[in-house]
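Under this note's numbering, the first residue of the sequence shown is numbered 4, with each subsequent residue one higher.
All C-beta atoms, glycine included, are put in the ideal place defined by N, C-alpha and C.
Bear in mind that the values here come from a model prediction, so they are computed numbers and not experimental data.
Notes for the one structure printed next.
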Amino acid sequence: LGNILCSQTGQWDPGAVVLQQLHGMWLPLGWGGAQQFSALTDVVFRFLTEPKEVERFLTQLSEFATMNEISLGPLKNIVKSILVIPNGALKKNLTSEQVRADFIALGLSEEKASYFAEQWKLNSPTLTRLAVGQTLMINQLIDMEWKFGVTAGSSELEKVGSIFLQLKLMVKKGGQVEHVYVELTLPQFYSFLHEMERIKTSLEYFS
């Protein structure tokens with residue numbers, strides 16, 4: 004479980020128990036069919052990609068609990084744990100295959116693990132853009148460095164020889180300079196540039 008569960012240094016991540024707790028929560032509830040899991044996964048990723056829609060998200064959770072005859076309290080605990088997983092995968096630049104492997108290693112069915120991994124594959128470009136944008140909104144950008152690389156391994160996301168971009172952001176946070184590292188595919192990079200141009204235009208308009 005060296006993907007989501009362990010840090011890049013190989014040390015046990017403080018959030019390593021999240022997936023294990025999550026798996027333990029599903030079983031006592033007496034539910035966890037593939038259809039229910041897929042529906043809940045859809046709700047979670049929709050909220051992650053549209054984080055301002057809090058009211059809609061809470062309404063969908065309430066409706067899900069009613070339809071599946073489960074208590075809203077335990078459901079919220081499950082969702083809180085699920086929300087941590089994409090953030091951890093994003094920080095470690097995991098592919099959907101790596102996410103899928105972690106779920107399977109913890110005992111989830113192939114069908115559930117594959118569905119979550121597919122949703123991660125579809126939504127990770129948007130989540131990456133949102134994460135970088137949030138970092139720049141909260142913190143002052145001091146400098147930025149980037150370099151191109153070529154993948155040496157292959158997966159369903161990246162073929163051997165695919166070009167990617169490693170981005171190093173130097174931001175001022177609480178009086179200290181911190182480095183934020185992001186790895187982007189070319190489509191993600193172009194989306195990021197488009198977003199930065201949009202922000203620049205907005206700032207110039209109001210200045």
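Excluding five sequence positions before and after L75, the CB atoms of its chain that fall closer than 8 Å to its own CB belong to L64, S65, A68, given in chain order. It is roughly 15 Å from the alpha-carbon of L111 to the alpha-carbon of L43.
For T69, no beta strand (DSSP E) encloses it; the enclosing alpha helix (DSSP H) starts and ends at 57-70. Its chain contains E56, F60 as the residues whose beta carbon lies nearer than 7 Å to that of F50, once the 5 sequence neighbours on both sides are disregarded; these appear in chain order. Here DSSP, grouped into helix, strand and coil, assigns L168 to strand. Around the beta-carbon of K171, fewer than 16 other beta-carbon atoms lie within 10 Å, marking it exposed. A Cβ-Cβ contact shorter than 8 Å links E100 with A120. Distances from the alpha-carbon of I145 to those of K176, V102, L78 put K176 closest.
Selection V185, V180, L189 evaluated against L133 yields V185 as nearest (Cα-Cα). Comparing alpha-carbon positions, the option among F167, E181, I166 lying closest to M173 turns out to be E181. Nearest neighbour of F195 by Cα position, chosen from G178, G152, Q179, S127, turns out to be S127. Between the C-alpha atoms of P54 and S41 there is a straight-line separation of about 19 Å. Between D105 and H197, the alpha-carbon positions lie close to 33 Å from each other.
Rounded to the nearest angstrom, the gap between the Cα atoms of Y118 and L109 is 15 Å. Nearest in C-alpha terms to Q122, of all of N96, W149, V183, P89, is P89. Here E53 carries a coil assignment [DSSP, helix/strand/coil]. In chain order, A37 place their CB closer than 8 Å to the CB of E114, counting only its own chain and leaving out the 5 sequence neighbours on each side.
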